[in-house]
Amino acid sequence: MAKKVKQVIAKKGRVLFLAEKICRWIVMVVLLAAAIPKIFNVDDFAAIINAYGLLPDFAVLPVAVFLPIAEIGLAIGLFFKIRTSQYLTIFLLLFFIGILTFAMAQGLDIDCGCFGPEDPEHRAFQGLRIAIVRDAVMIVALVSSLWYEKYQESNNYLLGEK
């Protein structure tokens, strides 16, 4: 009986392992896809940031430079499954959702800037709504990834492997 339970847990563990990796890597790819165009169009990205009206003029360009670098750093951390990167990415996505919600509440008709100045999803508010949903889905993926780590730790304990 114990052998059968171990087999079931092991099989379920392999499926969850793959699902966790896929979730983490999808978020990683999205972060990279968002960061790369911003790096090559810093001035245009700075103009998008400025359109939100949240930062003083002197801070816009440094943020436009720092943000894509941070996204790349977080993507690398997700690749190597660094837990801090997972938490920081969730925080960043929540921050983005807050900014996008603010923009919608203010009635701003602007590009979200998520994938740089030539964001193909931009259709005024529809683009902002899609970006909020996309960010929320990525948060769910990362929370699932963090849950898997706790699940794996408890399974290892139950199976006597730790």
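According to the numbering used here, the sequence shown is numbered sequentially starting from 1.
The beta carbon of each residue, even a glycine, is placed where N, CA and C say it ideally should be.
Item to check | First and last residue of the uninterrupted alpha helix (DSSP H) at residue 41 | outcome: Translated into positions along the sequence shown, residue 41 becomes position 41. Residue 41 -> no alpha helix (DSSP H), and no H or E assigned at all.
Checklist entry - Alpha carbon to alpha carbon, what distance is there between residue 55 and residue 70? => result Against the sequence shown, residue 70 aligns to sequence position 70. Against the sequence shown, residue 55 aligns to sequence position 55. Each residue's alpha carbon lies about 18 angstroms from the other.
Checklist entry - Roughly how far, in whole angstroms, is the beta-carbon of residue 60 from the beta-carbon of residue 49, given that I think they are within contact range, below 8 angstroms? => result Translated into the one-based positions of the sequence shown, residue 60 becomes position 60. Translated into the one-based positions of the sequence shown, residue 49 becomes position 49. Yes, they are in contact, since the Cβ atoms of residue 60 and residue 49 sit about 5 angstroms apart, within 8 angstroms.
Checklist entry - Secondary structure at residue 127, three-state DSSP: helix, strand or coil? => result Along the sequence shown, one-based indexing puts residue 127 at 127. In the structure shown, residue 127 adopts helical secondary structure according to DSSP, grouped into three states.
Checklist entry - Is it true that the stretch 39-47 meets the stretch 96-105, where meeting means three or more beta-carbon pairs spaced less than 8 angstroms apart? => result As far as the Cβ criterion goes, the stretch 39-47 does not touch the stretch 96-105, which means the pair count is below three.
Next on the checklist: Suppose the cutoff is 6 angstroms on Cβ atoms and the five residues either side in sequence are ignored; what does the same chain contact list for residue 81 look like?
Outcome noted: Numbered from its first residue, the sequence shown carries residue 81 at position 81. Taking residue 81 as the centre and dropping the five residues before and after it, the same chain places no C-beta closer than 6 angstroms to its C-beta.
Checklist entry - Is residue 151 helix, strand or coil when you go by DSSP? => result Walking along the sequence shown from the start, residue 151 turns up at place 151. Three-state result, residue 151: helix.
Item to check | Residue interval of the alpha helix (DSSP H) (run including residue 111) | outcome: Translated into the one-based positions of the sequence shown, residue 111 becomes position 111. Counting along the chain, residue 111 falls outside any alpha helix (DSSP H), and DSSP gives it neither H nor E.
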